[in-house]
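Novice: Protein chains in written order, with this note's numbering: chain A, 1 to 119; chain B, 1001 to 1107.
Below: one structure in structure tokens.
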């Protein structure tokens, strides 16, 4: 059974870079079988897809975030990561990592981690 | 970008009611439409993929239909555990988008 767990700072200052890691168990992040991604949810609002990464390095980003987002797959640990630069209060949200063998949806999700952008 | 619009944004219903939620895409997405259920403080759970394919373990009272631009999620007889927020998501484009969500509340 695939399990995912987000980790990273819960508080980030405006203009700084948000960095989160997703640790995967039950599968290898380097497997060509799986697709990985990030989704966020501002408090009281709907879900927003951030981006997806596939083994081999193919990445797809939300156009509204593309200039600030970088997804990567860890080489030495079974992890993949999200970096979001130049954050503002509007980036305050619960961030979920997710994955699947399908490239069309996510069945496996982390529990989510709240990141607050505040000085 | 493909925009996804759900209606209604919220609804109140009673146990046993039939509930219908609509999701409309800004352009044709064939059947690349998925539905998720989310309970407070929890991650979304995939219910239906490809517009009408029920995920394993999901009760048969849930069903999905539609293709092109208009899609529907139906709960045939609402149960207490179904009170939650439901989200549609398109994967026709390599850049996915979600609807704004529909909150199903107890009447």
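By construction, the Cβ of each residue, glycine as well, lies at the ideal position given by its N, Cα and C atoms.
Within the 8 Å Cβ cut-off, does residue 1043/B reach chain A?
Specialist: For the purposes of this step, residue 1043/B is taken as residue 43 along the second chain, with counting starting at 1. By this cut-off, residue 1043/B is an interface position.
Novice: Going by CA-CA distance only, name the one from 1002/B, 1082/B, 1019/B and 1008/B that's closest to residue 1032/B.
Specialist: Locating residue 1032/B in the second chain gives position 32, where the first residue counts as 1. For the residues 1002/B, 1082/B, 1019/B and 1008/B, the minimum Cα distance to residue 1032/B belongs to 1002/B.
Novice: Under 8 Å, do residue 24/A and residue 87/A count as touching if we go by C-beta distance?
Specialist: As a first step, residue 24/A must be located in the first chain, where it is residue number 24. As a first step, residue 87/A must be located in the first chain, where it is residue number 87. The answer is no: Cβ separation not under 8 Å.
Novice: Which residues in the same chain as residue 119/A place their Cβ atom closer than 7 Å to its Cβ, once the five residues preceding and following it in sequence are excluded?
Specialist: Counting from 1 along the first chain, the entry for residue 119/A is found at position 119. Contacts found: 13 and 14.
Novice: Assuming contact is defined by CB atoms lying nearer than 8 Å, are residue 6/A and residue 1098/B in contact in what I supplied?
Specialist: Mapped onto the first chain, residue 6/A falls at position 6. Mapped onto the second chain, residue 1098/B falls at position 98. Contact: no.
Novice: Give every residue of the same chain whose Cβ lies closer than 6 Å to the Cβ of residue 32/A, excluding the five residues on either side of it in the sequence, and list them in chain order.
Specialist: One-based indexing of the first chain puts residue 32/A at position 32. Annotation for residue 32/A: 55 place their beta carbon closer than 6 Å to its own, counting only its chain and skipping 5 residues before and after.
Novice: By DSSP, does residue 39/A sit in helix, in strand, or in coil?
Specialist: In the first chain, counting from the first residue as 1, residue 39/A sits at position 39. Correct three-state label for residue 39/A: strand.
Novice: Which residues in chain B sit within 8 Å of residue 63/A, going by Cβ to Cβ distance?
Specialist: One-based indexing of the first chain puts residue 63/A at position 63. Near residue 63/A (Cβ distances below 8 Å), the residues of chain B are 1001 and 1095.
Novice: Are three or more beta carbon pairs between the region 91-101 of chain A and the region 34-43 of chain A nearer than 8 Å?
Specialist: Enough Cβ pairs lie closer than 8 Å, so yes.
Novice: I'd like to check one pair, residue 1048/B with residue 1102/B: are the Cβ atoms closer than 8 Å?
Specialist: Working through the second chain from its first residue, we reach residue 1102/B at position 102. Working through the second chain from its first residue, we reach residue 1048/B at position 48. For residue 1102/B and residue 1048/B, no; Cβs fall outside 8 Å.
Novice: Answer yes or no: do residue 116/A and residue 10/A have a C-beta to C-beta separation smaller than 8 Å?
Specialist: Translated into the one-based positions of the first chain, residue 116/A becomes position 116. Translated into the one-based positions of the first chain, residue 10/A becomes position 10. Yes, these two residues count as a Cβ contact at 8 Å.
Novice: Residues of chain A with CB closer than 9 Å to the CB of residue 1098/B, please, in chain order.
Specialist: In the second chain, the residue the question calls residue 1098/B occupies position 98. The answer, in chain order, is 39, 46, 47, 48 and 49.
Novice: Would DSSP call residue 1065/B helix, strand or coil?
Specialist: Start at 1 with the first residue of the second chain, and residue 1065/B comes out as number 65. If DSSP states are grouped into helix, strand and coil, residue 1065/B belongs with the strands.
Novice: If you follow the beta strand (DSSP E) that residue 1010/B is part of, which residue opens it and which one closes it?
Specialist: Along the second chain, read from residue 1 onward, the residue named residue 1010/B stands at position 10. Segment 1010-1013, the beta strand (DSSP E) holding residue 1010/B.
Novice: My guess is that residue 1092/B and residue 1030/B are in contact by the Cβ rule of under 8 Å, so how many angstroms apart are they, rounded?
Specialist: Residue mapping note: residue 1092/B aligns to position 92 of the second chain, counting from 1. Residue mapping note: residue 1030/B aligns to position 30 of the second chain, counting from 1. Correct: roughly 6 Å between the Cβ atoms.
Novice: Name, please, each residue of chain B whose Cβ falls closer than 8 Å to the Cβ of residue 36/A.
Specialist: Numbered from 1 along the first chain, position 36 holds the residue referred to as residue 36/A. Those do not exist, as residue 36/A stays about 13 Å from chain B at its closest Cβ, beyond 8 Å.
Novice: Do we get a CB-CB distance below 8 Å when we pair residue 107/A with the residues of chain B?
Specialist: Counting from 1 along the first chain, the entry for residue 107/A is found at position 107. Output row for residue 107/A: interface = yes.
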